[in-house]
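Quick notes on the structure that follows.
Residue numbers (our numbering), protein chains in the order written: chain A, 748 to 1286; chain B, 345 to 662; chain C, 5 to 370; chain D, 177 to 473.
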């Protein structure tokens, strides 16, 4: 839903901004062997492969292999140079000057000499991104940039509209070549470039097969040095069960996201490694405060009390996750550890309901002056995602125990979206947000965000929260901001506009012959050029 | 017979073409309407990854130069279609026609193949029980046919896959991951087999063919044939076999296409069914329309086949 | 004309089991017949008297399930001598409860196999049939020429197709179909009933059978056509002198075509002998049923004397529970007191009252 | 005279059936089986209504997910949220029965009506109707269903309406065929000549005497098809939705564990489907044979 980068990244930012200029990035001198092929399974297919028009996770992962940004992050989650050697920012934080590497060349276009990477490409990318005819979800992220100008062939200068925190991280957007797209001004999905993109990254797109397999080969003259593994092949699957079997039977070597139900089976097999990484998203039950019953904070809180989150986490997700009490990533600077998640306490829940004027009706359902406490819970249908079904059913079950009647209504994805964000025809929804970088929660809880196709679908408005949010946006002082967020956190935890559930631990599974596998929580393949397969396993 | 039946076939073809054109128009219109009625904006998928505001959504339409009113869109679409341009997929931006042709071939394999399997199973059973009535020989087979046509197709698929993996360890081949060409035919065979067995029509086919055949076998002219010592098969072939079979093929194509949607997902088969499903979820209307047209054409071809056979065979019509 | 029998039927019984009534329908109930070479036997009787079933039994076309046949049908030409019912009854079982037959099980596969085995060399080679209503009896999907050619090829004398076609055309001429070449390729639906019947005849004769069974060849055609067909058959008879078993309810036809005649009633023979003797109206010594039959058709006598035709009183025999006595008793108008309860209690045997002329009636047992 | 006869009046010579072959004709068994299945449906309703089920089909035990069969007081084990499989299995049929009937009703009534119209009147009406039928046949069913489901909501009744509609052409052509057959045999002219009202001819002589078997078979098939379609949709996620138990969504949920060697949660409902569909098919067959007085499987 919302664009994101790692929240951990934001923390490390505080440190590394001071560390300029960076140490020169080292080449592939680790002496690990080259060769071998990596087949990895994806659930679904990439729509497009360029970094601008594409907006699904699968394409995002692939473009991570093909392209580079001006800056990147290393395995220690620190900002490191990629296409830029170094960056200079003005003291007012409005001017960013990037000095580009001179040794970077684009992947060869068939029948052409590989072109060198220059400032023009950066400007081109920025312009294309911002062109009205280019449809991309990136636009909103870069509206803070005033202008981009080329100083010389290897120097680019960005002027910001206003100083913002961790701006540098945002310059990790991928650069596309000026000579890439056929159209010189904007990029649409009909441009051939989106299906055979060329980049500067460690892997070159060779072709897409009839079965929609994306085949990538090592870029011999990658400026960080040739990646170890010769070939990456992304295989699309339409059935997760089959995909996990494909792994178990060595038809593929890696699954980027393992379905929780398959974790035990894979754990049981010595040939495979399960590698956890942060899901960077959290699940919640969101309430529609337009419904007078739910406008009452006590009811929302009662529901939160009535739900046994730990039990669900344990029996549905093998306990792989953390229960949260607020809209921030646990462990991030914004997360307030003093606020404990509400414990599972049905009796408290009932107390609260009584307090709110509800009494047990004849049929065991709570009612307040004749009105039953019966809510419709709308859930989007996802093929074979029983995780969602499980949570929803359990929720219904828990609330039944305290006399709240839940009518679970599963709806097809797009019509669910309209119900929730356009017509607001729901009482409760089950959904997940991915964390916003800079942990900005404006769009979720600020009263100005109430309306069609706005993120504050529950029409939650609380002047106190509003004012805190505004205040936090104005300040640039990190500590100040931190305290404000801790405040916000505790308010929201108490007000329960959502029942915050958990942030899960994702698992990638791969055959143990893959070595030195480091995973970026979100882009996944950021460090893939360091992965390798020992000779004896390369067959 | 050849001579007598060429002319009527020609006239038939010309007439069918007209009808088909009409039907295609109807199909496209209805599908488009349904699309329009179903909630969800096809272009919202371009903005996925952010919560697109109403304004942003309009912006997209502006950018793509899409008419606002649905009939506008439809007219544009059909205008292009008549020039043989089916537009490009909203999701992938690829030209719809090529895509459909590419995956359509696979689905065609699947459909025709499994139709063949279905007949292969059903026909002998039907004929033997039409000729001889229930016998100790054909009864078990009949029951078998009934059982398999009562199985949920995807479950059958799972079973087959499971068996082939765990018993024969053939997984890589099943999914074309093996470079071993020697066994790759299995990849084609299994889905066809599963869909052919599990499309739930076998019992129907058996019943229909059996009834038709036994009706024909009771005809006077068959008695004459027997009195002549001629082969009953040869004499009952046209009315008792050819015509019913062509009818079955024509009428079952839509069913099997439906089954393909499921089987293609289970077997990871790059076909039209999967494409259709994806497109329907994205409301990717150029693709959906394209597929609707393609299926309609396929079905019409089936009907056409039936009519042609009927006319070729049946002297009364010439 | 030699007197060698080509077909000898002895005690032929063809029963059909009616599940609903749990009883046998005795379609044919003890028929003894012999046809000599070159002669034409006319089998006459009301509809439902078992004429056609007899013919079907001979051809082994009793497919109706469960049909039960017994007796003996000896077929004999130079070279072949078989009992066309050999071993059939092994394929039938009866389920009884206190003596009553509850169900009949027929191993159709075995039965069919056996029949094929027996008839393989007979059907279309030795015996061929002309069925009634030619329209439905000819394959509507195959041109008549083809069907005739097929018959010729099946006979096996002629192997080569072109020859066979020539032969077929020849036969089409023989049966007086005008412009045979044209008709050769036309389908039954395109031809008149008469045409079809001619084609049928051509097909039957084309295989040059040693015995021809014509089952109601004129039924379902209008009068003028009927007579034309009869003429045709007559000519063919004199031309080719085929041994024929002619089945018809039309005494006129029988009279015209047959040398000897058999009168059937209720599944068995009532009278059997030279056609001349039996079918002459004025002759006295004959079975009451025959007499009644004759009385029911117009003849010169009637026309001269402007006499009324007499219909036969009563209904055709109920073949499920046939009486112990004479089958015709119920309708007989010549029962004398002397023989009444014999008629009631015992069925008379066929008795030869003059050389070659047998009658099944107590009147002639004195 | 009876010299040669083996087949005497009381059919002496023919050997008797051995007792074990004196079974009822197979058709009766079919019908019996079919009726048994129908009876089971009724039983399911009774049990559902009287809460005589072993467990509350909605009651979950999160500590006991995917329990194998024979686990303490869960005869068939539990499903992916720890609900008792047996109880849900028993209720499963109810997801289909009434909706299935709806689909059948639509298909039969519309199909018959249009069929009679086309067959009896013929001419322009006929052509128009057959175009309509072709139109329906030409749609990609499942995709249409998905869009409909999206447009309204994934409710089995909506789905069944569509299924019913897509089956109209089948019934239609059957009825039409019958009528044309009768016309060829000059049956209808005869009836008219007898001075029968066309209402009588159609209802009594055409539909009742000549089409009832076809219709019955179509009905039984319709029920079977309803079940199978819902199952396919369940696999795609658009069948009967939780928490309502349906065999389709049970098989789907269970099948997720099939590859891990846990067969029971999908096998039980799959077998239920199998048994039921067989029941309806055989019921149709048996009735067909008995009503038409034909032999055959």
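Ideal Cβ positions, reconstructed from N, Cα and C, are used throughout, including at glycine. None of the values given here were measured: they were computed from a predicted structure.
- Listed by position along chain A, the residues whose Cβ is nearer than 7 Å to that of residue 435 of chain B are 794.
- The C-beta distance from residue 1001 of chain A to residue 807 of chain A rounds to 16 Å, too long to fall under 8 Å, and the pair is not in contact.
- Beta-bridge annotation (DSSP): residue 87 of chain C is paired with C:78.
- Using a C-beta cut-off of 8 Å, the segment 265-280 of chain C makes no contact with the segment 232-244 of chain C, since fewer than three inter-stretch Cβ pairs fall below that distance.
- Between residue 1099 of chain A and residue 1150 of chain A, the gap from beta carbon to beta carbon reaches 9 Å or more.
- Rounded to whole angstroms, the gap between the alpha carbons of residue 429 of chain D and residue 532 of chain B is 27 Å.
- Cβ-Cβ separation between residue 1198 of chain A and residue 1244 of chain A: approximately 16 Å, too far for a contact (criterion under 8 Å).
- Taking a beta-carbon distance threshold of 9 Å, residue 588 of chain B does not count as an interface residue toward chain C.
- Under the Cβ criterion of 9 Å, residue 570 of chain B is counted among the residues facing chain C.
- Per DSSP, the beta bridge partners of residue 897 of chain A are A:903.
- For the C-beta of residue 401 of chain D, the chain B residues within less than 8 Å are, from N- to C-terminus, 544.
- With respect to chain B, the C-beta atom of residue 992 of chain A has a partner C-beta closer than 9 Å.
- Distance from the CA atom of residue 422 of chain B to the CA atom of residue 626 of chain B, rounded to whole angstroms, is 20 Å.
- Scanning A:947, A:1039 and A:1094 for the CA closest to the CA of residue 811 of chain A turns up A:947.
- With respect to residue 545 of chain B, residue 599 of chain B sits close: the two C-beta atoms are nearer than 9 Å.
- At least one beta carbon of chain B lies nearer than 9 Å to the beta carbon of residue 879 of chain A.
- When the alpha-carbon of residue 94 of chain C is set against those of C:84, C:74, C:102 and C:86, the nearest one is in C:74.
- Taking 9 Å as the cut-off, the beta carbon of residue 16 of chain C is found closer than this to the beta carbon of residue 37 of chain C.
- If you keep only unbroken alpha helix (DSSP H) runs of at least 4 residues inside the segment 1211-1252 of chain A, you get 1225-1242.
- Taking a Cβ-Cβ cut-off of 8 Å, residue 417 of chain B has no neighbours in chain A, whose nearest Cβ is about 17 Å from it.
- Not a single C-beta of chain B is nearer than 9 Å to the C-beta of residue 336 of chain D.
- For residue 1205 of chain A, there is no enclosing alpha helix (DSSP H), as DSSP marks it with neither H nor E.
- Residues of the segment 481-504 of chain B with a Cβ closer than 7 Å to any Cβ of chain D, in chain order: 483, 486, 490, 491, 494, 495, 496, 497, 498, 499 and 502.
- Note on geometry: alpha-carbon atoms of residue 224 of chain C and residue 362 of chain D lie some 16 Å from one another.
- For residue 462 of chain D, the nearest beta carbon of chain B is not closer than 9 Å to its own beta carbon.
- Measuring C-alpha to C-alpha distances from residue 58 of chain C to each of C:291, C:209, C:269 and C:338 identifies C:269 as the nearest.
- By the 16-neighbour rule on beta-carbons within 10 angstroms, residue 415 of chain B is exposed.
- The CB of residue 565 of chain B never comes closer than 7 Å to any CB in chain D; the least such distance is about 15 Å.
- In this model, residue 413 of chain D and residue 1157 of chain A are separated by some 10 Å (Cα to Cα).
- Within 7 Å of the CB of residue 1180 of chain A, no CB atom of chain B is found; the nearest one sits about 10 Å away.
- Excluding the 5 residues flanking it on each side, residue 954 of chain A has same chain C-beta neighbours closer than 6 Å at 962, in chain order.
- C-alpha of residue 851 of chain A to C-alpha of residue 1046 of chain A: approximately 59 Å in a straight line.
- Within chain C, the residues 113 have their CB atoms less than 7 Å from the CB of residue 479 of chain B, given in chain order.
- DSSP places residue 792 of chain A in the coil class of the three-state scheme, outside both helix and strand.
- For residue 58 of chain C, the uninterrupted alpha helix (DSSP H) segment begins and ends at 55-63.
- Scanning chain C for C-beta atoms nearer than 7 Å to the C-beta of residue 582 of chain B yields 145, reported in chain order.
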